[in-house]
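Student: Before anything else, here's the structure in question.
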Amino acid sequence: MQFMKFRKIFSVALAGALLLTSTSLFGEGNVADAAVISSIPNTTRTLKSYDNSFLSVTGYASLSGGVKDRSSYVGTSYYRTVKTSREFLQALLDAKSGSVKVIEIAANLNLGWKELNLSSTEIQKYNFVAKYEDPTNGYTNPTLQANGVSKINVSDTNGLTIFSTSGSTIKHAELKLQSSANDIVIRNLNFDEMWQWDDVGNHKEVGWTFIKVNGANNVWIDHCKFAIGADGMVDIENGSSGLTFSWCKFGLEANTNPASDSAIYKSITYMEQKYTSNQLASTSLYYKMRKAGATPNQIMAYSAYHSKCHLVGSGDKDYVNYVDSNGKDYKDGNQRLRITLAYNQYSNVGQRVPMIRQGVGHMINCYIDDTTHMNLENSVSSFKANSTSLARGMNARNGASIAADTCVYNGVTEPIVGTELQGQDTSNMDPQWANLFKNAYNRNLIVNSQVTNANGTYTGSSWDNNGVNLFTKGFVWYNKSTLNKWAWSSSIVGAANMSKTKPPTTPFTFQYNYTEKLPYSYNAVPLNDVVQTVKQYSGASKVTLSAKDWLKTVYSTSSTPTTGSSVNVGSYYRIKNVNSGKYLSAPTDASGTKLVQTADKTQATSLWRIVAGDTGYVNLVAQVGSASKVIDIPGASTDNGVQLQIWGGTAGADWQQFKLKDNGDGTFGILTMISGGTQGLDVNAKSTAEGASVIQYNYAASANQKWVFEFVK
């Protein structure tokens, strides 16, 4: 019942999250020493409850010269709204000349190579679009076979925001942010349908990735949702610096009944048809799983697993920048890599969270949960026999440094993997680079965090107990010279005189920057609040902002009621009608209480909380009485003139969910899901009288249908 969901939310809000206590189990029955460190050395961190300031860009993308506020472009010729694939491509083309600075995506875009069906003239015009190569072993997803997959290069572009106010979806294309792109912001978008069943099972048959930051600098990806892809989620290559990925949701929960239009359903249905018609070889992974007893629905749930998440640094060979014969420095070396991962949710991702070569990574308040996949794999004999999935976190290589602050790892068997000394882990390196990097010390650190897996639960730091704890189960120490000795970065001695095309033959010597400070301060929610907060706000359509507010980079923490145009899920508001100046009200908390307008804005009767519903929709929870009722359309009616009421919540009920339509003037329409957005909340007969009824009516953006959300802390 939705009622229970709401009561749980309010209980947490009023009472606070439970204090986490646990035994410190390591599989051998040992008990760890007390935590020796609770914050990352040489950082400035503020622990605080979630507020609007968490919407601000944080981390490396926030530094001077990073991403820019583009809210001033609303209503100008630099602002482009697109609803079709051609309009999107044209906007990207115009962004190269600087004539477009903002692209608002107002509809879902299918950008596959075949569905684009560009003419020869268009192929020349939009030469930044290319066909993605086919999978090595052929297609197992009929939709992708029919529509194809595209690569879309964003290049020669300085200053561009791509976003959606409604959480639109981009399908069948990889965005590739090239080195000639700078100051790129991507917000409130869904990315989907870049996956198919890999019948070999090695996740290497095709490189489909939702976004590749291929040398671009100063990139902020925020409040986006990424389903599973065939290769990476968002990868970083060629020396990109100034990167922040925040409030994003990566991956899927295991589900035996995925939507019939999902990539998983389509691909597994295709494989099942081949299986039942005896078209699969005995070497087929699908064949083996079915023969061992797994059902198609179990395999659908199993498929909600993404092997590789964030590759940061494409190869060992990129150890310094490439400089051509004319002295041009391409700034593409791995030593430049700088990324912040903040407030992200990861579901059933196998590894590379993140994996970094030479560069620097910083994680804040990330929630990594692999439990639904790992539980499935461990409970179904067919999966046990035919698959061994990884459940790993960070992996610093070639002298890289990665530090995680106040994060939660659930079902992750190895939060840290790799080796302290690179020479201990060279099996996947060419002999030349294994020799050159063998003396590099890798730094991984987790502080003020919690891990729960089959070995138990531990809360603390990866340096606790002399580095032996649940965080370090997958990490191989060498001499523990990096223990309790943090360096934010390293550098190869003499690198300025080295050539990328003619590397030396003797092993590199490294310098470690022990006094370097993290170049920005940051906020984090307390550890007990991480799971609830990140689940509530990460992903697309989790906060509702006006177009102007989505284009900002800094947000205020004002505790006084404001009439700004941002509406955040989880926050409290008084909702004022533009025509009457009066407030939406539920006079009592009894089920069936009809909604009216009132001038009184001091009582709980006119206070509402916004709670996330289905994607793009919200529930409006009345704070009167027990604060357990939501706005409800009596009898699930779609008739004009029906007076709305409050009632106990029902999960997924379309008669209790609403879309907040941004009117672009600081006001919103409150549109009903059940009408498909054609009807909205309306003060009957445009009345300004106290107690006038609030009804549903065909939406025309008239003053009595416009509402201002006044934030109340």
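Counted the way mature numbering (1 follows the signal peptide of the UniProt record, and there is no 0) counts, the sequence shown spans residues -27 to -1, 1 to 686.
C-beta atoms are modelled at their ideal positions from N, C-alpha and C, and glycine is treated no differently.
#1: Run through DSSP, which three-state label would Val503 get?
#2: Rounded C-beta distance between Glu166 and His145? I'm assuming under 8 angstroms.
#3: Please report the straight-line C-alpha distance between Asn401 and Lys525, rounded to a whole angstrom.
#4: Would Thr566 be called buried (16 or more neighbouring beta carbons within 10 Å of its own) or exposed?
#5: Residues in its own chain within less than 6 angstroms of Met471 by CB, not counting five upstream and five downstream?
#6: Just curious, the beta strand (DSSP E) that Phe136 is in, first and last residue?
#7: Is the Cβ-Cβ distance between Val192 and Leu216 less than 8 angstroms?
#8: Comparing C-alpha positions only, which one of Lys281, Leu443, Ser44 and Gly372 sits nearest to Leu363?
#9: Can you give the Cα-Cα distance for Ala673 and Gly639, rounded to whole angstroms?
#10: By how many angstroms is the C-alpha of Asp562 removed from the C-alpha of Ser599?
#11: Thinking just about the alpha-carbon of each residue, which of Thr57, Ala80 and Val584 is nearest to the one in Leu89?
#12: My guess is that Val441 and Tyr431 are in contact by the Cβ rule of under 8 angstroms, so how many angstroms apart are they, rounded?
#13: Mapping the DSSP letters down to three states, classify Ile375 as helix, strand or coil.
#14: Indicate the three-state DSSP secondary structure (helix, strand or coil) for Gly323 in the structure shown.
#15: So, for Gly2: in the same chain, excluding its five sequence neighbours on each side, which residues have a beta-carbon less than 6 angstroms away from its beta-carbon?
#16: Helix, strand or coil: which one does DSSP assign to Ile312?
#17: Rounding to the nearest angstrom, what Cα-Cα distance links Gln169 and Asn126 in this structure?
#18: According to DSSP, is Asn677 part of a helix, a strand, or is it coil?
#19: Leaving aside the five residues before and after Thr399 along the sequence, list all residues of the same chain whose C-beta is less than 6 angstroms from its C-beta, in chain order.
#20: Could you work out which residue in Asn421, Gly649 and Arg59 is closest to Ser12 when comparing CA atoms only?
#21: Would DSSP call Ser532 helix, strand or coil?
#22: Between which two residues does the alpha helix (DSSP H) harbouring Asp522 extend?
#23: Our contact map puts Ile184 next to Ile194 with C-beta atoms below 8 angstroms; I'd like the distance itself, whole angstroms only.
#24: Using the beta-carbon count (16 or more within 10 Å), is Phe684 buried or exposed?
#25: Got a sec? Which residues, its chain only, sit under 7 angstroms from Ile606 by beta carbon, not counting five neighbours each side?
#26: Measure the C-alpha to C-alpha separation of Pro560 and Trp620 and round it to an integer number of angstroms.
#27: Can you tell me the Cα-Cα spacing of residue 753 and Asn100, whole angstroms?
#28: Classify Arg263 as helix, strand or coil using the three-state DSSP reduction.
#29: Rounded to whole angstroms, how far is the Cβ of Ile237 from the Cβ of Ala203, which I believe are closer than 8 angstroms?
#30: Around the C-beta of Val173, are 16 or more other C-beta atoms found within 10 angstroms, so that it is buried, or is it exposed?
#31: Identify every run of the alpha helix (DSSP H) within the region 68 to 140, keeping only runs that are complete inside it and at least 4 residues long; order them along the chain.
#32: Rounded to whole angstroms, what's the CA-CA distance from Asn211 to Lys247? Just pull it up for me.
#33: State the Cα-Cα distance for the pair Ala520 and Pro115, rounded to the nearest angstrom.
#34: Indicate the three-state DSSP secondary structure (helix, strand or coil) for Phe218 in the structure shown.
#35: Quick one: Cα of Pro492 to Cα of Ser610, how far?
#36: Can you list, in chain order, the residues of its chain with a C-beta nearer than 6 angstroms to that of Pro499? Leave out the 5 residues immediately preceding and following it.
Tutor: Well, looking at it:
#1: helix
#2: 6 angstroms
#3: 43 angstroms
#4: buried
#5: Val293
#6: Thr130 to Phe136
#7: yes
#8: Lys281
#9: 16 angstroms
#10: 7 angstroms
#11: Thr57
#12: Not a contact, Cβ separation roughly 11 angstroms.
#13: strand
#14: strand
#15: Note that Gly2 scores 35 on pLDDT, short of 50, meaning its location in the model is unreliable; the coordinates nonetheless yield the value given after this. Result list for Gly2: empty, nothing under 6 angstroms.
#16: strand
#17: 23 angstroms
#18: helix
#19: Ala407
#20: Asn421
#21: Reliability fails at Ser532, whose pLDDT of 35 lies under 50, so the model's placement of it is uncertain and the value that follows must be treated cautiously. Three-state result, Ser532: coil.
#22: Ala520 to Trp523
#23: 7 angstroms
#24: buried
#25: Val615, Leu617, Trp628, Thr645, Ile647 and Gln669
#26: 13 angstroms
#27: Absent from the structure is residue 753, since the part of the chain shown begins at -27 and ends at 686.
#28: helix
#29: Ile237 to Ala203, Cβ: 12 angstroms. No contact.
#30: exposed
#31: 86 to 89, 93 to 98 and 115 to 120
#32: 41 angstroms
#33: 36 angstroms
#34: strand
#35: 56 angstroms
#36: Leu20
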